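Data block below; observations after.
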Amino acid sequence: MEKLRINGKKKLSGQVSVQGSKNSTLPIVAGAILCEGKIILHNCPDLTDVTAAVNILESLGCKIRREKDTLIIDSTNITTSEISEKLMHEMRSSIVFLGALLARTGKANLSAPGGCEIGLRPIDLHLKALRELGVEIKEESGRLCCQVKDKIKGKEIALAFPSVGATENVMLAATLAQGRTTLINAAREPEIRNLADFLNSCGAKIYFAGESTIVIDGVRRLHDSEFRVISDRIVAATYMASAAVTGGEMDIINFPVSDIAPVLPFFYSSGCKITADENNLHIKAPKRLRSPGTVRTMPFPGFPTDFQAPAMAMAAVSDGTVIFIETIFESRYKHVSQLKRMGANISVEGSVAVVQGVARLSAANVYAEDLRGGIALVLAALAADGTSDVFNLKHIDRGYENIEENLSLLGADIKREV
Ligand code: EPZ
Numbered sequence: 048m049e050k051l052r053i054n055g056k057k058k059l060s061g062q063v064s065v066q067g068s069k070n071s072t073l074p075i076v077a078g079a080i081l082c083e084g085k086i087i088l089h090n091c092p093d094l095t096d097v098t099a100a101v102n103i104l105e106s107l108g109c110k111i112r113r114e115k116d117t118l119i120i121d122s123t124n125i126t127t128s129e130i131s132e133k134l135m136h137e138m139r140s141s142i143v144f145l146g147a148l149l150a151r152t153g154k155a156n157l158s159a160p161g162g163c164e165i166g167l168r169p170i171d172l173h174l175k176a177l178r179e180l181g182v183e184i185k186e187e188s189g190r191l192c193c194q195v196k197d198k199i200k201g202k203e204i205a206l207a208f209p210s211v212g213a214t215e216n217v218m219l220a221a222t223l224a225q226g227r228t229t230l231i232n233a234a235r236e237p238e239i240r241n242l243a244d245f246l247n248s249c250g251a252k253i254y255f256a257g258e259s260t261i262v263i264d265g266v267r268r269l270h271d272s273e274f275r276v277i278s279d280r281i282v283a284a285t286y287m288a289s290a291a292v293t294g295g296e297m298d299i300i301n302f303p304v305s306d307i308a309p310v311l312p313f314f315y316s317s318g319c320k321i322t323a324d325e326n327n328l329h330i331k332a333p334k335r336l337r338s339p340g341t342v343r344t345m346p347f348p349g350f351p352t353d354f355q356a357p358a359m360a361m362a363a364v365s366d367g368t369v370i371f372i373e374t375i376f377e378s379r380y381k382h383v384s385q386l387k388r389m390g391a392n393i394s395v396e397g398s399v400a401v402v403q404g405v406a407r408l409s410a411a412n413v414y415a416e417d418l419r420g421g422i423a424l425v426l427a428a429l430a431a432d433g434t435s436d437v438f439n440l441k442h443i444d445r446g447y448e449n450i451e452e453n454l455s456l457l458g459a460d461i462k463r464e465v
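Straight run, no breaks: the sequence shown in our numbering ends on number 465.
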């Protein structure tokens with residue numbers, strides 16, 4: 048079984064350039080379906096989730112090739128509106144193809160993505176919003192059979208929760224609609240603006256009317272575009288955490304520093320010294336991290352749920368107690384049992400995890416059960432005494448490009464072994 052063998056306690060230092068954002072690339076790749084032409088996307092990370100999205104596009108009739116971190120997509124011909132069960136289950140967020148397919152072809156037949164390791168992942172908000180746009184949706188034996196009479200009609204819609212995926216699906220479905228769609232209580236994550244910027248680069252008319260309202264004026268068609276995906280804010284924060292847990296000092300470059308603003312107070316309170324300009328950040332960790340107090344995950348611009356697990360690896364070795372309240376996903380503490388195998392002192396009660404920092408963690412064989420929980424185990428192994436083996440790398444490879452190469456260049460003693 049493939050594993051990362053990590054010999055801990057090495058101070059990390061040096062410079063790392065941040066990969067493209069997985070959570071921007073996925074909806075933008077879906078958005079390419081709306082353009083009857085050629086889309087060139089730069090800064091697309093080479094990840095298994097992105098490969099899954101590319102496989103879906105190819106199954107729909109698109110021609111795609113990758114040149115390093117650039118995807119060249121020709122979506123002139125869409126030959127079907129159906130996505131197979133197998134392809135839908137390769138990646139949970141494939142539901143974002145629904146809105147794009149409906150906008151381009153007027154119909155879509157795909158399976159409901161189902162839950163995943165971190166929660167049930169319902170899609171009721173997606174379906175309610177699409178029905179309000181005039182989409183007929185039949186849910187039968189796990190498949191969604193959707194179609195629109197004529198074209199999608201723009202409308203004012205309010206989301207009961209600022210769901211990232213539901214926001215993206217409405218934006219994609221409304222881009223070629225008749226008339227104006229106003230989306231109220233939309234998600235505000237940076238990936239939403241990146242999707243809007245991409246669609247506007249193809250000729251869409253999407254505006255932000257205030258913090259949580261998005262206005263989409265339907266257009267007849269989109270044209271070719273060449274676009275750069277933003278860098279990954281969660282990956283950037285993860286490298287910051289790798290410096291923090293090893294008492295290291297690091298330059299993290301080529302990412303919009305404002306996107307990680309929600310986690311800066313956590314790093315400051317942990318005793319890290321940070322200087323930054325618009326796209327680059329320098330972090331110097333203290334000898335021993337201090338407790339940063341309570342962490343409550345929230346929609347952007349609150350503390351991101353995707354950074355809860357990496358932050359818990361920091362809390363595990365900090366001096367004091369950290370209380371985590373996970374408000375977004377209902378089973379996002381799968382990394383706790385594995386961190387405890389390494390000597391972490393954590394107790395979980397429902398959505399609350401209380402972490403008493405310990406002086407040191409000890410190496411162990413640990414098993415990733417989801418993407419961000421998996422990287423938290425890597426961080427803990429970097430801090431631990433001795434040699435740890437981290438298994439189930441398929442989870443980590445979904446979101447972190449060249450993780451062992453990058454950490455090794457920063458001074459970690461880490462190898463991928465079969
Ligand atoms: C996106 O997932 C991200 N994935 C997630 O990142 C991220 O954790 C999440 O947003 C929150 O920021 C991608 O962008 C590919 P949501 P998404 O819809 O769109 C509930 C990672 O590690 N909800 O904002 O699925 C849902 O159950 C991944 O990179 C409904 O109830 O997130 C959850 O509790 C993990 N009904 C909350 O909303 C719905 O119809 C947030 O979900 C939709 C969502």
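For glycine and all other residues, C-beta sits at the position ideal for the given N, C-alpha and C.
As the structure is a prediction and not an experimental result, all values here were calculated from the model.
Worksheet item: Opposite residue 266 in the DSSP bridges: which residues?
Response: In the DSSP output, where bridge partners are listed per residue, residue 266 has none listed.
Q.
Among the candidates 115, 85, 89, 134, whose CA atom is the shortest distance from the CA of residue 121?
A. 85
Checklist entry - Is residue 352 near residue 313, with beta carbons less than 7 angstroms apart? => result no
- Should residue 3 be counted as a contact of ligand 1 given a C-beta to heavy atom distance under 6 angstroms? Absent from the model: residue 3. The displayed extent of the chain is 48 to 465, so no value can be given.
| task | Would you tell me roughly how many angstroms separate the C-alpha atoms of residue 405 and residue 399, rounded to the nearest one? | result | 19 angstroms
Where residue 169 falls, given that 16 or more other Cβ within 10 Å makes a residue buried: exposed
Could you tell me how far apart the beta carbons of residue 77 and residue 138 are, in whole angstroms, since I believe they sit closer than 8 angstroms? Rounded, the Cβ-Cβ distance is 11 angstroms, inconsistent with contact.
* **Distance CB(residue 147)-CB(residue 219) smaller than 7 angstroms** => yes
Is it the case that the segment 386-398 contacts the segment 356-371, given that we only count it when at least three CB pairs across the two stretches are under 8 angstroms? yes
Drop a sphere of 10 angstroms on the beta-carbon of residue 338, count the other beta-carbons inside from all chains shown, and report buried for 16 or more, exposed for fewer.
buried
Relative to ligand 1, is the shortest distance from any of its heavy atoms to the C-beta of residue 378 smaller than 6 angstroms?
no
Tell me which residues share the same chain as residue 391 and place their Cβ nearer than 6 angstroms to its Cβ, disregarding the 5 neighbours each side in the sequence. 363
Subject >> Where residue 465 falls: helix, strand or coil (DSSP) >> reply: coil
- Message: Tell me the residue span of the alpha helix (DSSP H) that contains residue 393.
- Response: Here residue 393 belongs to no alpha helix (DSSP H); instead the beta strand (DSSP E) covers 392-396.
| said: Tell me which residue opens and which closes the alpha helix (DSSP H) that residue 421 is part of. | reply: 418-430
- prompt: Is it the case that the Cβ atoms of residue 211 and residue 233 are separated by a distance below 7 angstroms?
  reply: no
Give me the residue from 366, 257, 357 with the minimum Cα distance to residue 380.
357
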